[in-house]
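Residue numbers -18 to -1, 1 to 138, in mature numbering (1 follows the signal peptide of the UniProt record, and there is no 0), belong to the letters of the sequence shown in order. Beta carbons are placed, not taken as given, at the ideal position from N, Cα and C, and that holds for glycine. Working notes, beginning with the structure itself.
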Amino acid sequence: MILALFIILIMGCSNNVADIGTEDLNSEFPPTMTGLIIINGIEHQMEEGGYHWERKKGLETEVVATDHASPYQIADHMKPISVNPNEKVEIMIEENPTITVYLWNENGREKEIEQNANQIIVPSSKGKYIYEALAEWANGTVSYTFVIDIQADAKR
């Protein structure tokens, strides 16, 4: 009786473990992670750029990577979001990755932007600003682009 119960218990656990592994292997790969920015309570979709994802599949590692246009090139096809000087921008990406934000120009990454709790403050000077939010998870990285157009200089 105890042996039969032990066998049922082990088989039940084994099936659960197998199901978890199979579910992981059959899930969408590469995953699609939505990236948004929120300005004054309004959500704006970021443009996804290049990405790199890895996952274990048995004894092998499956890798999917893209070589996409740079954020500067992506920005050419995006409509800038009009904001006021010194506006707060909240960055939200699925599954809470580590996010690094960069300002871009025609030569590439200009500088890393200081952030606090996935929020940045846009500059006070009028102009168009191209940002990259680089999201990193344990098994992948995705680049997102958004473009800000500051309407007027801050009053002093």
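Please state whether the Cβ-Cβ distance between residue i and residue j is less than 8 Å.
i           : j      : result
Met28       : Ala115 : yes
Gly17       : Ala117 : yes
Met15       : Glu72  : no
residue 139 : Val83  : Residue 139 lies beyond the stretch modelled for the chain, which goes from -18 to 138, so this question has no answer here.
Glu92       : Trp86  : yes
Per DSSP, which one or two residues make a beta bridge with residue i?
i     : result
Glu94 : Tyr84
Glu29 : Thr127
Lys39 : Glu42
Short of 6 Å in beta carbon distance, which residues of its chain neighbour residue i, apart from the five on each side in sequence? Order them along the chain.
i      : result
Asn100 : Ile73, Ile81
Glu36  : Thr43, Val45, Asn121
Can you tell me where the beta strand (DSSP E) with residue i in it begins and where it stops?
i      : result
Gln55  : Run containing Gln55: none in the beta strand (DSSP E); it sits in the alpha helix (DSSP H), 53 to 57.
Met74  : 70 to 75
Lys110 : 109 to 119
Gly17  : 17 to 21
So, for residue i: in the same chain, excluding its five sequence neighbours on each side, which residues have a beta-carbon less than 7 Å away from its beta-carbon?
i     : result
Lys38 : none
Ile20 : Glu72, Met74
His34 : Ala47, Gly122, Thr123
Lys70 : Gln101, Ile103
So, at 8 Å on beta carbons, what are the nonlocal neighbours of residue i in its own chain, with the 5 sequence-adjacent residues on each side left out?
i      : result
Lys108 : Pro67, Ile132, Gln133, Ala134, Asp135
Exercise. Do the region 43 to 62 and the region 124 to 132 touch if we need at least three Cβ pairs shorter than 8 Å?
Worked result: yes
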